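Novice: Using the numbering used here, the letters of the sequence shown correspond one by one to residues 31 to 229. A virtual CB, placed ideally from N, CA and C, is assigned to each residue, including glycine. These numbers come from a predicted model, not from an experiment.
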Amino acid sequence: LAMQEVVSRGYFAVRTGAIVERPLNTGNPGIIDYAAIARTDFMDIFLSAKCRFFVVDTAGIYALPLVFRRPVVSVNIIPLEHAPLYSENRIFMPKKLWLCNEKRFMTFREMLESGIGRFYKTEQYETQGIDIIDNTPEEITALVVEMDKRINGSWETSDADEKLQKRFQSLFTTRGLKGELSLSRIGTEFLRQNKGLLE
């Protein structure tokens, strides 16, 4: 969905990655499955240096566009304490954690205060009765649109959005985890739709 949105905005969407499960067959000439048909080490570096922005998760190639100071959209961030809070030109969105017994999502504060915000292994979450919820295609698309609008100068924020950002940042600064967070932003639409996670 996000790739289709990118193409509708006049770009090519290039899928990267050294190992892919299966080829993309979208039928959209603007979506290039470079990872499956033409990947080379040199082109990984070239694309990372020349892209308008790069969409990544928490593994693999994400470091390359950062080296070249390209804008980066980070999705499915986990664990929360290792969210990219210092990076300029980077917006991100964490995974949500579902408490199976209580049938509700954990708040960000609960993740940080319990230590679950530092869990790296699937088994740790399973032991605590937690399901890890990936970002949806719609959430990822909204974050991609936000980045594109920020780059081209058409993004508009509101006082309410800025208050949500500050509430999120305060969860880290009050615990002494990250210090100054002014360079980083969590996805605006994600916060709008998940205000309860800030409680």
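#1: Any idea if S38 is buried or exposed, counting beta-carbon neighbours within 10 angstroms, 16 or more meaning buried?
#2: Looking at the structure shown, is V50 part of a helix, part of a strand, or coil, going by DSSP?
#3: Under 8 Å by Cβ, that's how I've got G18 and L127 pegged, so tell me the actual separation to the nearest angstrom.
#4: Find the nearest neighbour of P114 within the set E229, F202, G226, judged by alpha-carbon distance.
#5: Cα separation between E118 and E153?
#6: Within 10 angstroms of its Cβ, does I49 collect 16 or more other Cβ (buried), or is it exposed?
#7: At which residues does the alpha helix (DSSP H) containing I146 begin and terminate?
#8: Quick check: what's the CA-CA separation for D63 versus F42?
#9: Name the residue from L96, R69, L31, P101 whose alpha carbon lies nearest to the alpha carbon of D178.
#10: Between E229 and G40, what straight-line distance do the alpha-carbon atoms span, to the nearest angstrom?
#11: Please report the distance separating the alpha-carbon of V44 from that of T56.
#12: Quick one: what's got a C-beta closer than 8 Å to I75's C-beta in the same chain, skipping five residues either side?
#13: Cα-Cα, which of N58, D87, N224 is closest to R134?
Specialist: Per the coordinate set shown:
#1: On the sequence shown, residue 38 is found 8 positions in, with the first residue counted as 1. By the beta-carbon neighbour count (other beta carbons within 10 angstroms, threshold 16), S38 is exposed.
#2: Start at 1 with the first residue of the sequence shown, and residue 50 comes out as number 20. If DSSP states are grouped into helix, strand and coil, V50 belongs with coil.
#3: Here the chain has residues from 31 to 229 only, and residue 18 is not among them.
#4: Working through the sequence shown from its first residue, we reach residue 114 at position 84. The residue with the shortest Cα to Cα distance from P114 is F202.
#5: Translated into positions along the sequence shown, residue 118 becomes position 88. Translated into positions along the sequence shown, residue 153 becomes position 123. Within the model, the alpha-carbon separation for E118 versus E153 is close to 33 Å.
#6: Counting from one through the sequence shown, the residue named residue 49 turns up at place 19. With fewer than 16 other Cβ atoms within 10 Å, it is exposed.
#7: Residue numbering aside, residue 146 sits at position 116 when the sequence shown is read from its first letter. Neither: I146 is in no alpha helix (DSSP H) and is coded neither H nor E.
#8: Locating residue 63 in the sequence shown gives position 33, where the first residue counts as 1. Locating residue 42 in the sequence shown gives position 12, where the first residue counts as 1. When rounded, the distance between both Cα atoms is 11 Å.
#9: Here residue 178 corresponds to residue number 148 of the sequence shown, with the count starting at 1. Minimum Cα-Cα distance from D178 among the listed residues L96, R69, L31, P101 corresponds to P101.
#10: Reading the sequence shown from its first residue, position 199 is the one you call residue 229. Reading the sequence shown from its first residue, position 10 is the one you call residue 40. Near 39 Å, if we compare the C-alpha coordinates of G40 and E229.
#11: One-based indexing of the sequence shown puts residue 44 at position 14. One-based indexing of the sequence shown puts residue 56 at position 26. One C-alpha to the other measures close to 12 Å.
#12: Counting from one through the sequence shown, the residue named residue 75 turns up at place 45. These residues qualify, in order along the chain: L94.
#13: Start at 1 with the first residue of the sequence shown, and residue 134 comes out as number 104. The residue from N58, D87, N224 with its alpha-carbon nearest to that of R134 is N224.
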